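Undergrad: Pasting a structure below so you can have a look.
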Ligand code: HEC
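Numbering (the working numbering), first residue to last: 56 to 529.
So this is what it looks like as structure tokens:
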């Protein structure tokens, strides 16, 4: 038996050249002491592989067409074998990839691994970051529920505010002047064909560069990078002290990636993908979407910013940010690499990380956006001796979505003012006008409510006492 196996192995290797295929890995030397800090990049790549596998699995069942996308996702989520798990893994894999990519980038920056001769690695990395973000973003829309769609629409609207070319970009993204079936098709094509293709090419090139220029050695205070001598020095160092990438360094990558896999599987299994909110309502232009966590901070930034400067920030923000990122290896490609000797660089990156974290914190609390999960109003509010009309008003207040933005008895959204005492501020007519016409951040309900609904709402709002904490249904 052993003999047969040995023979088989020999045959396969002779004809298939597997050991030859592995040879570059075994002979490729890496600097000694490249410790756990170096695992972020390979873990990002590992997440990408998870995304490809789960993405293909999802595409077996997902139908990128406006009328059935939502139903097909519900089928995946509720009926398909392992469907909900795979959707969860794809979702958490995306989060993992964005997170690990961020860590990888921070690590490279802190250790100044972008300096000579690895500038091109940094530049392709910046492109990879952009495309990863675009992938995350286009993926959100494919969810084709209210949240996914509206996050995308808001972003397209923001694109539309870019001077001169904005409208064309938005038109191109949405596949028309508004969101519709074409939008879904277009995002699907971008998410599964266009951007993955670019991503794979860039990843391939990025990896090629890692092999060609070698992994940067751990920085040491006082050891400066000099483009004139660096390559010779690096070669000599490798010859003297280098260790083979396989197996001396790769085991750390493998262990860490396995850990990432365990965490992602656990998250996918126990937490799962975000619940599908509800089919998108393309007429409800005022819905306020909650984007996935890695975009929350951008939404927070825009929500906090005065409206007048938004257009400029949308245009110049990414432009300046992108240019700076590109410029980093050109601004300083030699000299000290140790973070201990680059206090300003470290202060800068800490400042950026802190700002993003605090914006993110504000963003997840999102005081400006409606609370779609507010409890039904009738659970904690009643009007003493309510007329039938007022009781209906309580129901409507809840069902047509007023509660998402307005508090009654300190429950509900805080995008609009609390309405418990509105009868003291406004007359009946003023309330009607407000509901029918809406306001800057309130949808106009004129066409959406029947006469009865409107008058029920108003008589509820006009009620003197809306405090009755006793539930109606009892
Ligand atoms: C998307 C969030 C949102 C929704 C949904 C919403 N509103 Fe508003 N509403 C607001 C905002 C914001 C204001 C403040 C507008 C302003 O004055 O600039 C407001 C103002 C009001 C006011 C005036 C309050 C005052 O003190 O001036 C009334 C009354 C009102 N809304 C009733 C309703 C009713 C009834 C509904 C449901 C049919 C509703 N709103 C749905 C956001 C919302």
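Even glycine gets a Cβ: it sits at the ideal position worked out from N, Cα and C. Treat the numbers as computed from the prediction; the structure is a model and nothing was measured.
So what's residue 469 in DSSP terms, helix, strand or just coil?
TA: coil
Undergrad: Between residue 187 and residue 153, which are expected to be in contact by the criterion C-beta below 8 angstroms, what is the C-beta distance as a whole number of angstroms?
TA: 6 angstroms
Undergrad: Is the Cβ-Cβ distance between residue 328 and residue 146 less than 8 angstroms?
TA: Yes, they are a contact pair.
Undergrad: How about the stretch 225-241 and the stretch 253-271: do they share at least three Cβ pairs that are nearer than 8 angstroms?
TA: no
Undergrad: Between residue 228 and residue 211, is the Cβ-Cβ spacing less than 8 angstroms?
TA: Yes, Cβ-Cβ distance for residue 228 and residue 211 is below 8 angstroms.
Undergrad: Would you identify the three-state DSSP class for residue 271, choosing helix, strand or coil?
TA: coil
Undergrad: Does at least one heavy atom of the ligand HEC sit under 7 angstroms from the Cβ of residue 517?
TA: Not under cutoff, so the answer is no.
Undergrad: On the CB-based measure, 16 or more other CB atoms within 10 Å of its CB, does residue 63 come out buried or exposed?
TA: It counts as exposed.
Undergrad: Let me make sure I understand the geometry here. Which of 130, 451, 304, 496 has the alpha-carbon closest to that of residue 115?
TA: 130
Undergrad: Are the C-beta of residue 329 and some C-beta of chain C separated by less than 8 angstroms?
TA: The question asks about chain C, but that chain is absent: this structure has only one protein chain.
Undergrad: Which ranges would you report for the beta strand (DSSP E) in the stretch 58-141 if only whole runs of at least 3 residues count?
TA: none
Undergrad: Quick one: measure Cβ to Cβ for residue 478 and residue 519, integer angstroms, because I've assumed they're closer than 8 angstroms.
TA: 6 angstroms
Undergrad: Apply the 10 Å Cβ neighbour rule to residue 144 and answer buried if 16 or more other Cβ atoms are within range, or exposed otherwise.
TA: buried
Undergrad: Excluding sequence positions up to five away, which residues of its chain have a Cβ less than 6 angstroms from the Cβ of residue 501?
TA: 491
Undergrad: Is the CB-CB distance between residue 135 and residue 106 below 8 angstroms?
TA: No, they are not a contact pair.
Undergrad: What does DSSP give as the partner residues of residue 521 in its beta bridges?
TA: Per DSSP, none; premise fails for residue 521.
Undergrad: Between the stretch 267-276 and the stretch 214-223, do three or more beta carbon pairs fall short of 8 angstroms?
TA: no
Undergrad: Evaluate residue 290 with the Cβ neighbour count: other Cβ atoms within 10 Å of its Cβ, from every protein chain shown; 16 or more gives buried, anything less gives exposed.
TA: exposed
Undergrad: Kindly list the residues whose CB is nearer than 6 angstroms to the CB of residue 230, restricted to its own chain and excluding five residues on each side of it in sequence; keep chain order.
TA: 237, 238, 241
Undergrad: Looking at C-alpha atoms only, which residue of 206, 100, 112 is the closest neighbour of residue 157?
TA: 100
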